[in-house]
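Asker: So that we are looking at the same thing, I have put the structure below in structure tokens.
If you want it as structure tokens, here you go:
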């Protein structure tokens, strides 16, 4: 598959999305990022230093705002080559939930609605939807260590329910997708550390397995760019991919 030249980012002001964005910019890709507060991103990535970054203000739950990021700036009649979708909501440990338990599925609905609207207006293209999901939600096999199971099923119950619905909604849409399911996330890149990969077909089951305790957000972003966003990652089309150290 040829290199993807234009990528839309939703959730790129931090975490895995920001890490993937930095790699895409360094590789010369045209990147369009939607942010509620653009200055949060441009303070980290100044426009003068990143001329191939377009930052738009808006809400990832608003289909019109999302649609504004999905057209290729060089050819508005074509859609971007890929979408990196990594929106989320802060964890409220005291309440054992997240601030917005519907953040991902509502964002996915807006994304799919925006794609449908643009195609209805004649836009061409089939972008790969790269969605940052999570381990712990497989319907086919346990993909987290036994010691982490209680935490996943109690503290992370709400965000995991949201991720499940998001995956199902996108998988049922007919779009080409890759669900990236990282192990428990931490900060701090470890470039020399091996990243193990498990692959699952949502309908047919587990193709290969990788179970581990964690991985950094920076390494997740690097893996996403190098293995999917850079050239489409043909081996991961319509697959869920678990990654861990």
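Numbering (full-length UniProt numbering), first residue to last: 1 to 245. Cβ atoms here follow ideal geometry from the backbone N, Cα and C, with glycine treated the same way. Model, not experiment: these values are computed from the prediction.
Mark residue 177 as exposed unless 16 or more other C-beta atoms lie within 10 angstroms of its C-beta, in which case mark it buried.
Answerer: Result: buried.
Asker: So for residue 56, helix, strand or coil by DSSP?
Answerer: DSSP places residue 56 in strand when its eight states are reduced to three.
Asker: What's the C-alpha gap between residue 111 and residue 227?
Answerer: Between residue 111 and residue 227, the C-alpha separation is close to 22 Å.
Asker: Confirm, please, whether the CB-CB distance from residue 16 to residue 221 is below 7 Å.
Answerer: Yes, Cβ-Cβ distance for residue 221 and residue 16 is below 7 Å.
Asker: Would you call residue 242 buried or exposed, if buried means 16 or more other Cβ atoms sit within 10 Å of its Cβ?
Answerer: Residue 242 comes out buried.
Asker: Could you give the C-beta distance for residue 198 and residue 127, rounded to a whole number, given that I count them as a contact under 8 Å?
Answerer: Going by Cβ atoms, the distance from residue 198 to residue 127 rounds to 25 Å, so no, they are not a contact pair.
Asker: Quick one, which of 87, 195 and 7 has its alpha-carbon nearest residue 14's?
Answerer: Residue 14 has its Cα closest to that of 87, out of 87, 195 and 7.
Asker: DSSP state of residue 201, grouped into three classes?
Answerer: Three-state DSSP puts residue 201 in a strand.
Asker: With distance defined between alpha-carbon atoms, name the residue in 40, 39, 52 and 42 nearest to residue 26.
Answerer: Checking every option, the nearest Cα to that of residue 26 belongs to 52.
Asker: Candidates 175, 6, 190 and 107: which alpha carbon is nearest residue 119's?
Answerer: The candidate whose alpha carbon is nearest that of residue 119 is 175.
Asker: Under 7 Å, do residue 134 and residue 196 count as touching if we go by C-beta distance?
Answerer: Contact flag unset, no.
Asker: Could you give the residue range of the alpha helix (DSSP H) that holds residue 69?
Answerer: Run containing residue 69: none; DSSP gives neither H nor E here.
Asker: Looking at the structure shown, is residue 10 part of a helix, part of a strand, or coil, going by DSSP?
Answerer: Three-state result, residue 10: strand.
Asker: Is it the case that the Cβ atoms of residue 114 and residue 70 are separated by a distance below 7 Å?
Answerer: Contact: yes.
Asker: Curious, which full-length beta strand (DSSP E) runs of at least 3 residues does the region 95-166 contain?
Answerer: Runs of the beta strand (DSSP E) inside the region 95-166: 128-132.
Asker: Does DSSP classify residue 240 as helix, strand or coil?
Answerer: If DSSP states are grouped into helix, strand and coil, residue 240 belongs with the strands.
Asker: Identify, in the order they occur along the chain, each residue of the same chain with its Cβ nearer than 7 Å to the Cβ of residue 163, setting aside the five sequence neighbours on each side.
Answerer: Cβ neighbours of residue 163 beyond the five flanking positions: 104, 133, 134 and 137.
Asker: Which residue marks the beginning of the beta strand (DSSP E) containing residue 182, and which one marks its end?
Answerer: Element bounds for residue 182: 177-182.
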